[in-house]
Structure formats: structure tokens, C-alpha cells
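Enquirer: Have a look at this one before I ask anything.
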Amino acid sequence: MGRMIGLRLIDAIPTILLVLTLVFVALRILPGDPAQVALGDMATPAQLELFREQMGLNLPLWQQYFIFLWDMLTLNLGRSLVSNVPVASIIAANLPYTIELTLVATGMGVIIGVPLGVLAATNRNKLPDSGVRVFSLIGYAIPDFYLGALMLIVFSLNLGWFPINGGGTDFLSRLHHVFLPALTLAMVKSAFLGRLTRTSLLEVLGKDYVRTARAKGARENRVIYRHGLRNALLPVTTGLGLSLLATLSGSVAIELVFNRPGLGETLIGAIAERDYPVIQAGAVIFAFFVVFINLLIDIAYIAIDPRIRVQS
Amino acid sequence: MTSLDQPVEAVRPTRTLLENVTATFIGRPSMIFAAVVILTFIAIALFAPLLAPYDPLAQSYLVINAYPSAEHWLGTDQFGRDVLSRLIYGSRNSMIFGITAPIIAALVGTTLGVVAGYFGGIFDRLVTRMIDLLLAFPDLLLAIIISAALGGGFWNILAVLSIAFVPGFARVARASTLAVKQEPYVEASVAVGLRTPLIILRHVVPNIAAPVVVLMTLWVASAIRLEAALSFLGLGTRPPYPSWGNIIRDGLNNIFGSPWPIIGAGFAITLVVLSFNMIGDAVRDLLDPEIGQ
Amino acid sequence: MTRPLLKISDVSVEFGPKANAIRVVDSVSFSIGAGEAVGLVGESGSGKSITSLSILRLIPDPPGRIVSGSIEFEGQDLLKLPANRMPEIRGRDIAMIFQEPMSSLNPVMTIGDQIAEALMLHQDLDRDARWQRVIEVLSLVGMPDPAARLGAFPHEFSGGMRQRVMIAMAVACNPKLLIADEPTTALDVTIQAQVLELMKSIRASVNTAILLISHDLGVIADLCERVVVMYSGRIVEEGSVESIFSKPEHPYTRGLLQSIPRLDDDRKRLYQIAGTVPMAGSVKKGCPFYARCDLRVDKCAAEMPPMFEFSKQHKAACWVTGEAEQ
């Protein structure tokens with residue numbers, strides 16, 4: 002098992018290079034001049050030239066590429082054009098909030114979504130099943146930032162139960178601050194996880210080994226939870242990884258809605274202020290996370306399914 | 003348990019495609035609901051100038067943050083602009099991007115996928131690797147990174163939205179092409195010397211049409227959501243021009259003033275996305291039940 | 003004769019929507035005595051698997067349901083038992099082995115846990131005694147070095163070994179009746195013979211009654227004393243193995259017996275019954291075998307033959323042979 006995980010880790014190296022290349026292509030090769038983006042439409046040609054010189058944008062593309070790769074891999078991220086603070090410390094200050102939000106939201110999504118799926122599957126074509134179906138139809142359709150705004154209006158503004166901005170300081174206040182944003186993302190994701198759990202569990206409950214479990218005298222609850230759910234969770238694990246990714250991307254808008262510090266809020270702020278080094282670093286960090294989460298999905302799969310452990 | 007399958011199979015009557023279409027779309031309340039919503043919003047987008055009671059950009063400092071009333075059905079925002087009129091004009095964005103982006107992405111992605119799948123080789127490996135990588139990204143993150151480089155504006159938004167959906171089409175088209183290529187009738191066409199473009203046109207394209215159409219309908223809703231999210235983040239339609247996404251952003255900045263812009267715009271997005279999702283699911287069930295997730 | 007262990011009377015099973023239901027098992031009656039081995043034979047689609055599943059009330063509902071009849075086990079009608087009492091019977095009094103050893107074991111549980119679960123559900127043993135018993139039944143079914151294999155997962159075993167695990171799980175609680183639904187069909191021929199030998203030795207050591215479902219008359223002759231022949235959802239013949247093999251009375255059974263290849267045979271082609279099995283429930287009137295029968299007369303198409311008694315141990319549902327007998 003350790004060997005397999007090691008292999009996956011080695012396999013991730015070319016992917017990371019490719020991701021860095023992707024960001025490089027997006028930011029430097031696609032039409033759109035970084036200098037123009039950074040300085041705005043009013044910049045004079047001399048200012049543009051100076052900026053290009055400073056940022057090394059005058060060098061041949063292949064040189065820029067290797068410098069970029071080296072800088073990113075050594076975390077030499079430069080300084081913010083707006084505040085002159087090292088980009089690395091900006092990222093370091095904001096990253097924990099995004100990780101916290103993503104993890105709490107995904108956890109809540111599982112806590113809400115998986116039981117909903119079980120409820121729907123065990124009451125197939127009855128009232129609870131229809132209820133869950135309507136819930137997931139709406140969950141698939143409602144934008145997370147809209148749901149977040151509604152939550153903010155109701156629970157923070159009108160009822161005053163939760164703060165309307167910030168990320169909190171000590172443990173309790175951080176929990177207080179993260180609850181509503183996380184719940185927003187969790188509700189949207191639980192629609193997806195619930196539907197996935199339902200489909201997967203229904204499929205598993207039709208399997209021969211479930212019949213075996215019934216034949217040996219296991220009661221319905223035991224059949225569902227001990228024999229059904231464990232097997233049904235295999236596809237749900239992939240879904241969990243996907244929803245971790247979706248939660249990460251959803252966090253961008255949610256941080257804006259709840260005025261929360263975080264990577265997304267930083268990136269969007271940087272784009273608005275044309276803070277080129279921060280944009281570049283933010284994009285790379287997000288991309289790293291995507292690769293990392295995909296890696297986690299693979300590893301989780303190896304850990305859960307004994308069959309994969311033995312192959313190869 | 004073959005003994006079980008037999009009788010159950012026999013109960014199911016076989017139906018023609020036309021009967022399937024009828025059974026899927028006619029007489030199902032949810033489909034009628036979805037169709038009515040979509041047609042209504044298309045009409046609203048087309049006839050926005052006739053329907054909107056006010057100029058969506060006209061500011062009036064006399065009626066700031068008004069709550070719904072007979073004059074302003076959905077109230078006004080912090081600049082005194084009529085919210086209903088902004089929502090009506092905002093529908094144009096959603097409809098245009100929602101419908102054109104999947105079509106452009108389908109054309110580009112399908113071409114890439116068919117060429118890669120049919121000819122194979124280095125080009126195929128390159129395309130496949132890129133598809134896998136891009137598909138690993140949630141579409142919103144991909145769109146944010148690309149629009150950070152491109153900036154906002156109509157054509158750039160269209161480009162960003164289309165790029166976000168290209169890899170999905172390319173993967174499906176490539177897989178279908180590979181499958182069709184194995185078919186004896188295609189091998190026979192090659193053997194009798196039919197020209198490659200003709201083979202692709204005659205055998206490959208008709209066979210991949212169904213999955214591509216399914217994805218196109220499914221992703222109209224995704225494109226609408228994505229445009230709204232980008233505009234919300236300030237990376238899409240630029241103020242003062244209204245889009246459902248940036249109306250919500252403006253509303254958040256004015257959250258102590260009036261909740262109505264947020265409520266109205268969000269409701270419109272949810273309703274339209276819900277309807278397109280329902281139609282998309284039905285089209286999928288009808289044409290290609292296998293490519294769901 | 004004393005009261006039989008299991009008495010199935012007039013059981014019918016339907017599948018599909020009520021308005022358009024298909025009768026897959028039609029008025030089936032037979033019984034099994036304590037310690038007796040009965041074979042249930044028929045082609046696929048004859049309803050034999052459904053009949054066996056109905057005993058434990060394991061027919062997937064929907065789409066299937068038992069619509070009439072009674073299944074008395076030790077005098078108690080299982081069909082009248084509340085659904086939440088059935089788990090007490092399953093695995094303890096009546097255990098079942100299925101056809102597909104590859105898919106009938108839970109892939110994410112160790113085989114030790116799966117066998118121990120059966121014990122845990124029905125017997126009040128402490129942990130050590132339970133594991134002791136698991137090792138005991140595993141060695142009973144011929145698992146080499148059982149103590150070392152407790153933590154292994156199903157995918158680590160061959161099909162034959164998995165079927166041994168299934169048998170171990172089934173006999174763990176010393177059931178009074180063991181239902182084996184085509185236990186050897188999915189296995190290689192040599193493994194089939196081994197599993198069959200195992201079933202025989204299990205029967206000798208555990209003293210359980212067996213209902214063996216098979217399409218293979220040879221397998222049944224090897225293990226059972228009595229045979230029940232099903233065709234298209236109905237029982238067409240029933241009797242002791244000797245009487246049925248020496249003097250089959252139903253034309254269908256005759257066809258089945260003739261189609262078994264023999265070593266002393268110099269026919270160029272194997273015998274086959276002309277035509278195909280009608281879909282269960284499709285024959286509404288008359289004998290379901292009518293269309294394929296060599297002996298048919300007009301009456302056969304009009305009226306379903308009753309079970310004629312040929313001897314105390316031998317009954318068959320055929321107008322021609324039955325009326326000739328009387």
C-alpha cells in the first residue's frame with residue numbers, strides 16, 4: 002500500500018509541472034498584456050516598458066518560462082505591487098482561512114448529504130425520496146453566492162446570530178465565523194453527495210452479497226449500514242474529492258459574500274487591483290490544491306478498497 | 003438470476019424514438035414547467051426594451067433603495083435604478099452566454115476530440131493529457147485563472163466560458179470516435195478506399211452527435227451559472243451594465259440598503275438554471291443514458 | 003410419516019406490476035423431511051430459484067411477491083410471520099448458499115468477519131468461542147490453514163474456495179435446512195466435484211436437510227434421495243431418485259434424462275428436446291409442455307393435468323401417462 006501511494010506521488014510531479022505550464026500559458030501567452038493589465042489603460046508606453054523590465058517580461062519566452070518555474074518551485078513569489086508586502090506572507094496569512102472553510106464545509110456536506118442519500122435510497126419512490134430529489138434539484142440550481150447572501154441577510158443581518166464579516170481570531174470565534182459560510186457550501190454540496198449516495202446505495206443493495214447478508218439473518222439496518230453503505234461509499238469517495246474541489250472553487254465567491262479573509266478573496270482582490278505577482282501566486286496555489294486533492298482521492302481509494310490494494 | 007430478468011424484460015414494451023420523445027416531454031408537468039420558464043425568459047431577453055419599465059442604467063437619487071411598490075415592482079438599488087428593469091436586461095447576458103458558449107465549446111472540443119481520436123499519435127497524447135489536466139480543475143477556478151489574464155468584456159467572457167467547456171466535449175468526442183473507429187463498417191470504408199474526411203463526416207459525426215447534443219443541453223445551465231459567478235466576482239459583465247451576477251454583487255455592497263436586488267436576481271438564476279437542468283436531464287435520459295456523470 | 007420439516011403448499015409467485023403480473027411460480031407444493039436431501043431440477047427460467055428464495059422470503063419486492071400458499075417450517079407458516087421475525091429464521095434454522103461465489107461475499111469484509119457475523123447474529127458466544135467456531139467450520143469445509151486465512155478478503159480466493167467459505171458461513175449455526183441454489187454451476191468441472199463431495203460430507207457430519215437446486219440431474223442423483231422436477235413455473239414430476247431415474251413418467255423428465263450423455267452411448271448427436279422453454283406465465287391454459295411434447299393429445303392443450311400418483315413415492319402431471327396408469 003505504501004509503495005502504491007509512493008507511485009502516485011511520483012506520478013504527480015509531471016502533473017505539477019504541467020499545471021505550472023498551464024498557469025504560465027494563461028497569464029503570459031494568452032492575448033492580454035500583463036503590463037497593460039497591471040498598469041491599466043492609462044499607462045504610458047514608458048511606464049509599460051519599465052514594468053516589463055522589472056518583471057522580466059522582456060526576456061525571451063523560454064527564459065521567462067524557466068525563471069517562472071524556478072521561482073514558483075522555490076516559493077520565490079515576489080512582492081505585492083500594491084502593498085510591497087512579500088507575496089508569500091500574504092498567502093501564508095490567508096491560506097489557513099480557506100483551508101478551514103473548505104474542510105469544515107466538506108465535513109458538513111458529508112454529514113448532511115450522506116444521511117439524506119441513505120434516507121432516499123431506503124424509502125425509494127416514497128415521500129422522503131421525493132423530498133430529497135427536490136432538495137437536490139434546487140441544490141444543483143442555486144448559486145452558492147446567492148444562497149450565502151440569503152443566509153447572511155437572514156441569520157447575520159436580521160437575526161444577528163452570526164458575524165457579517167471577518168474570519169475570527171481565537172478558536173471559538175473562528176468557529177463562529179466559519180459556520181455560516183461553511184453551511185452555505187455544505188448545503189449546495191450535500192445535494193450532490195446525497196444524490197450520489199442514493200444512486201450508489203441503491204445499486205449496492207441489489208448486489209448478491211447483500212442478499213447473502215439477508216440470508217444469514219442480518220436485520221435491515223445492519224444490511225444497509227454494515228454491508229451496503231461501506232460498499233456504496235466507494236464511489237462517494239470520488240464524489241467527496243470532487244466536492245472538495247467544488248467547495249474550494251466555491252470558497253472564492255463565498256469569501257467575498259461573507260467578507261472573509263482567504264485565498265479567493267486575495268486572488269479576486271488582486272485581480273481587481275491588478276496586483277500581478279499576487280494573481281500569479283494565487284493561481285499557482287489554487288492549481289497546486291487541485292493536483293493535491295486529486296492525489297488525495299487516489300490515495301483514499303487505495304485505503305478503502307482492499308481490492309485495489311492488492312492489484313499491482 | 004436470468005430467470006428473474008426474463009419476465010421483467012418482457013413487460014417493458016418497446017417504443018420508437020418518436021414515442022420516447024413524446025413520453026419524455028409531453029404530459030410531464032415538470033417538463034412543461036421547465037419549457038414555460040425557458041421560453042418566457044427567452045422572450046424577456048428578446049423583448050427587453052419593450053418590457054422594461056425603466057432604463058436599466060438610469061440613476062435617480064430621488065428614489066434610492068426603495069422597497070417594492072407600484073412604480074418599482076422590485077424596488078430600486080443604491081443608485082435609484084429600477085431593479086426589475088435591470089433584471090430584465092440582465093437576462094440577455096445569461097441567455098446569450100448560456101446558449102452560445104456551449105455551442106462554441108462543442109464545435110471546438112468536438113473537432114479536437116475527433117481529430118485526436120481518429121488520427122491518434124502524438125497529437126492525441128498531447129490532447130488527452132491536456133484534457134485530463136483541465137478536467138481536474140473545477141470550471142469556475144479555470145475560468146477565474148483565464149479571465150485574470152484576459153480581463154472582462156463580452157468577447158473575453160465568451161472565450162473564457164467556451165474554454166472552460168472545451169475539454170469535456172473533447173473527451174466525449176474522442177472516446178466516441180475511438181469506439182466508432184473500431185466498427186467493422188468503418189474499417190470496411192477504409193478498406194474500399196473512402197477518403198478520410200468522408201468517413202469522418204459519414205460515420206463518425208452521426209455517431210457522436212447524440213452525446214455531444216446531450217452535453218450541450220446539460221451545460222447550458224452550467225454556462226449560465228458560470229457567467230453569473232464570474233460577473234459576481236467582477237470578472238464578467240462590467241458595471242454599470244446589468245448581469246444577474248453583478249446585480250447580486252452590487253446588492254451585497256448595499257446589503258443594509260435593500261435586499262431586493264439580491265433576492266430577485268438570485269431567484270431568476272435559480273429558476274432558469276433549474277429549468278435548463280431539468281430539460282438537460284430529460285434529453286440525456288432520452289438520447290444517451292450512459293454519459294450522465 | 004411424521005410431520006415434515008418444511009411443507010410448501012400451493013405457493014404462487016408473481017412478478018411485475020399487479021395489473022400485468024407474470025406468474026413465475028404457479029401453485030407449487032412439496033415437502034422436505036428432517037435430514038432429507040431433495041433435489042429441485044429444471045431449466046433456467048423454470049422458477050426453481052424463485053421457489054427457493056420464497057422459502058426465506060428473499061424475493062426482491064418490488065418487482066416480485068408471493069401471492070398465495072403457505073410455507074410451513076416445523077409447523078409454523080413462514081408467510082404469516084411478521085417480516086421482522088424472518089431474520090431469526092434466516093441463517094439459524096434455514097441457511098442458503100448461492101450460485102455466484104464470486105459476487106456473493108462482501109468484498110470489503112474479511113471472510114472471518116463474514117462467518118463470525120452469522121454466529122454473532124444467532125448464537126450467544128463470547129469472542130474467543132466465536133472465533134474458535136469460525137476456524138472450526140472453515141476446517142470443516144476444507145480450508146487449508148483456516149486460522150491464518152481469517153483476515154483475508156474474498157478477492158484473495160478462487161471461486162471454489164469462496165464457495166467453501168459460503169458453505170462454512172451457511173453451516174456455522176447448524177441449520178436444520180440448507181438451501182443450495184446451483185452451488186456448483188459457476189465452478190470448473192473438477193472443482194464442482196470437490197464441492198459436491200464437500201456437501202455430502204457436510205450432510206453426514208451436520209445432519210441437516212438439504213434442498214439442492216440444479217439444472218443438472220447428475221448432481222442431484224449424486225446427493226439427493228428425492229427429486230422434484232419443475233417446468234415453466236409448475237411442478238411436473240416428483241418422486242424418489244430411483245423411481246424417477248428408472249421410470250420417468252412425465253415426457254419432460256424423460257427428455258431431460260435422455261439428454262444426459264452416457265459413456266456407453268454411441269449416438270452421433272446428443273438428444274435434445276425440440277422447441278424452447280415457454281416464458282414462465284405465458285401458458286395460461288393446459289399443460290405448459292404441450293408445444294414440445296411427443297405424446298400430446300388434444301386434452302393437454304385444454305386442461306392442466308393434475309398430479310397423478312404412480313406409486314406412493316412417485317407423482318407426475320401428465321394426462322397421457324397418468325390416465326394410462328389408472
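Which chain is which? The protein sequence lines are A, B and C, in order.
Numbers given in the numbering used here equal positions in the first sequence, counted from 1, plus 1.
Numbers given in the numbering used here equal positions in the second sequence, counted from 1, plus 2.
Numbers given in the numbering used here equal positions in the third sequence, counted from 1, plus 2.
Think of the CB as a built atom: it goes at the ideal place given N, C-alpha and C, for glycine as much as any other residue.
As the structure is a computational prediction, the values presented were derived from the model and not from experiment.
(1) What residue range is occupied by the uninterrupted alpha helix (DSSP H) comprising Met-43 (chain A)?
(2) In the DSSP output, which residue or residues are listed as bridge partners for Val-27 (chain C)?
(3) For Arg-92 (chain C), I'd like the list of residues in its chain whose CB is within less than 6 Å of its CB, leaving aside the five on either flank, ordered along the chain.
(4) Using only the alpha-carbon positions, how far apart do Leu-6 (chain B) and Gly-18 (chain C) sit?
(5) Along the chain, where does the beta strand (DSSP E) containing His-316 (chain C) start, and where does it finish?
(6) Would you say Val-237 (chain A) and Val-115 (chain A) are within 8 Å of each other, going by their C-beta atoms?
(7) Please list, in chain order, the chain A residues whose beta carbon lies closer than 9 Å to that of Ile-133 (chain B).
(8) Just to confirm, are Leu-296 (chain B) and Ala-151 (chain B) a CB contact at a threshold of 8 Å?
(9) Taking the CB atoms as reference points, tell me whether Glu-98 (chain C) and Ile-181 (chain C) lie closer together than 8 Å.
(10) Quick one: list the residues of chain C neighbouring Asn-95 (chain A), beta-carbon separation under 8 Å, in chain order.
(11) Express the C-alpha separation of Leu-181 (chain A) and Gly-161 (chain A) in angstroms, rounding to a whole number.
(12) Can you tell me the Cα-Cα spacing of Val-208 (chain C) and Cys-175 (chain C), whole angstroms?
(13) Please state whether DSSP places Gly-247 (chain B) in a helix, a strand or coil.
(14) Are the region 273-281 of chain B and the region 262-280 of chain A touching, with three or more C-beta to C-beta distances below 8 Å?
(15) What did DSSP end up calling Val-24 (chain A) once you bin it into helix, strand or coil?
(16) Mind checking Ile-68 (chain A): buried by the 16 CB within 10 Å criterion, or exposed?
(17) Would a check of beta-carbon distances place Val-110 (chain C) closer than 8 Å to chain A?
(18) Just how far apart, CA to CA, sit Asp-190 (chain C) and Pro-148 (chain C)?
(19) Under 8 Å: do the region 59-72 of chain B and the region 125-143 of chain B share three or more Cβ pairs, one atom per stretch?
(20) For chain A, is any of its Cβ atoms less than 8 Å away from the one on Thr-272 (chain B)?
(21) Applying a beta-carbon distance threshold of less than 7 Å, which residues of chain A neighbour Met-171 (chain C)?
(22) Mind checking if Lys-208 (chain A) is an interface residue toward chain C, Cβ cutoff 8 Å exclusive?
(23) Counting contacts by CB-CB distance shorter than 8 Å, is Asn-232 (chain A) in contact with chain C?
(24) What residues from the region 300-321 of chain C come within 7 Å of chain A, judged by C-beta to C-beta, listed N to C?
(25) If we cut at 8 Å on Cβ distances, does Thr-200 (chain A) have a partner in chain C?
(26) Quick check on Asp-299 (chain A): buried or exposed, where buried means 16 or more other Cβ atoms within 10 Å of its Cβ?
(27) Just the Cα atoms here: how many angstroms apart are Pro-307 (chain C) and Ala-216 (chain A)?
(28) Under a Cβ-count criterion, where at least 16 other Cβ atoms within 10 Å of its own Cβ denotes burial, should Arg-129 (chain C) be classed as buried or exposed?
(29) Is there contact between the region 205-222 of chain A and the region 138-147 of chain A, where contact requires at least three CB pairs shorter than 8 Å?
(30) Which residues share a DSSP beta bridge with Met-73 (chain A)?
(31) For the alpha helix (DSSP H) that Glu-189 (chain B) lies in, which residues bound it at each end?
(32) Is there a Cβ from chain A that is less than 8 Å from the Cβ of Ala-150 (chain B)?
(33) State yes or no: is the beta carbon of Thr-213 (chain A) nearer than 8 Å to at least one beta carbon in chain C?
(34) Alpha carbon to alpha carbon, how far is Ile-44 (chain B) from Phe-52 (chain A)? Give it in angstroms, no decimals.
(35) From Leu-163 (chain B) to Pro-244 (chain B), what does the alpha carbon distance come to, in whole angstroms?
Expert: So, from the listed chains and residues:
(1) One-based indexing of the first sequence puts residue 43 (chain A) at position 42. Careful: Met-43 (chain A) lies outside any alpha helix (DSSP H) and carries neither H nor E.
(2) Counted from its first residue, the third sequence places residue 27 (chain C) at position 25. C:Val-15.
(3) Your numbering for residue 92 (chain C) matches position 90 in the third sequence. Hits under 6 Å: Leu-58.
(4) Position 4 of the second sequence, counted from the start, is the residue given in the question as residue 6 (chain B). Position 16 of the third sequence, counted from the start, is the residue given in the question as residue 18 (chain C). Note on Leu-6 (chain B): pLDDT 36, under 50, position unreliable in the model; no value is reported.
(5) Indexing the third sequence from 1 puts residue 316 (chain C) at position 314. Run containing His-316 (chain C): 316-318, per the beta strand (DSSP E) assignment.
(6) In the first sequence, the residue the question calls residue 237 (chain A) occupies position 236. In the first sequence, the residue the question calls residue 115 (chain A) occupies position 114. Against a cut-off of 8 Å, the Cβ pair of Val-115 (chain A) and Val-237 (chain A) comes out as a contact.
(7) Residue 133 (chain B) sits at position 131 when you count from the first residue of the second sequence. Residues of chain A passing the Cβ test: none, with the nearest at roughly 12 Å.
(8) Given that chain B is displayed from residue 3 to residue 295, the structure contains no residue 296 (chain B) and the question cannot be resolved.
(9) Translated into positions along the third sequence, residue 98 (chain C) becomes position 96. Translated into positions along the third sequence, residue 181 (chain C) becomes position 179. For the sequence presented, residue 98 (chain C) should be read as Met rather than Glu. Yes. Within cutoff.
(10) The count along the first sequence starts at 1 and reaches residue 95 (chain A) at position 94. Here the premise fails: no neighbours, minimum Cβ distance about 40 Å.
(11) Stepping through the first sequence from its first residue, residue 161 (chain A) is reached at position 160. Stepping through the first sequence from its first residue, residue 181 (chain A) is reached at position 180. Taking the straight line joining both Cα atoms gives about 12 Å.
(12) Locating residue 208 (chain C) in the third sequence gives position 206, where the first residue counts as 1. Locating residue 175 (chain C) in the third sequence gives position 173, where the first residue counts as 1. The alpha-carbon atoms of Val-208 (chain C) and Cys-175 (chain C) are separated by roughly 10 Å.
(13) The residue labelled residue 247 (chain B) in the question sits at position 245 within the second sequence. In this structure, Gly-247 (chain B) counts as helix in the three-state DSSP scheme.
(14) no
(15) Looking up residue 24 (chain A) in the first sequence gives position 23. Here Val-24 (chain A) sits in helix by DSSP.
(16) Along the first sequence, one-based indexing puts residue 68 (chain A) at 67. Its Cβ having fewer than 16 others within 10 Å, Ile-68 (chain A) is exposed.
(17) Taking the third sequence and counting its residues from 1, one reaches residue 110 (chain C) at position 108. Contact of Val-110 (chain C) with chain A is assigned, a C-beta pair being separated by under 8 Å.
(18) Residue numbering aside, residue 190 (chain C) sits at position 188 when the third sequence is read from its first letter. Residue numbering aside, residue 148 (chain C) sits at position 146 when the third sequence is read from its first letter. Roughly 23 Å between the two C-alpha positions.
(19) no
(20) On the second sequence, residue 272 (chain B) is found 270 positions in, with the first residue counted as 1. Under the 8 Å criterion on CB atoms, Thr-272 (chain B) is classed as interfacial with respect to chain A.
(21) As a working mapping, residue 171 (chain C) is identified with position 169 in the third sequence. Those are Lys-217, listed as they occur along chain A.
(22) Within the first sequence, residue 208 (chain A) is the residue found at index 207, counting from 1. With 8 Å as the cut-off, Lys-208 (chain A) counts as an interface residue toward chain C.
(23) As a working note, residue 232 (chain A) is residue 231 in the first sequence. Yes, because at least one Cβ of chain C sits closer than 8 Å to the Cβ of Asn-232 (chain A).
(24) Flagged: no residues at all.
(25) By 1-based counting over the first sequence, the position of residue 200 (chain A) is 199. For Thr-200 (chain A), the answer is no, since every Cβ of chain C falls outside 8 Å of its Cβ.
(26) One-based indexing of the first sequence puts residue 299 (chain A) at position 298. Its Cβ being crowded by 16 or more others within 10 Å, Asp-299 (chain A) is buried.
(27) The count along the third sequence starts at 1 and reaches residue 307 (chain C) at position 305. The count along the first sequence starts at 1 and reaches residue 216 (chain A) at position 215. Taking the straight line from one Cα to the other gives about 35 Å.
(28) As a working note, residue 129 (chain C) is residue 127 in the third sequence. Exposed: under 16 other Cβ atoms inside 10 Å.
(29) no
(30) Within the first sequence, the letter at position 72 stands for residue 73 (chain A). Answer is none; Met-73 (chain A) lacks a bridge partner.
(31) For this step, residue 189 (chain B) is matched to residue 187 along the second sequence. Its alpha helix (DSSP H) spans residues 186-193.
(32) Against the second sequence, residue 150 (chain B) aligns to sequence position 148. The beta-carbon of Ala-150 (chain B) is placed less than 8 Å from the nearest beta-carbon of chain A.
(33) By one-based count along the first sequence, residue 213 (chain A) stands at place 212. Yes, because at least one Cβ of chain C sits closer than 8 Å to the Cβ of Thr-213 (chain A).
(34) Here residue 52 (chain A) refers to the residue found at position 51 when the first sequence is read from its first residue. Here residue 44 (chain B) refers to the residue found at position 42 when the second sequence is read from its first residue. Spanning the two alpha carbons is a distance of roughly 46 Å.
(35) Within the second sequence, the letter at position 161 stands for residue 163 (chain B). Within the second sequence, the letter at position 242 stands for residue 244 (chain B). Answer to the nearest angstrom: the Cα atoms are 18 Å apart.
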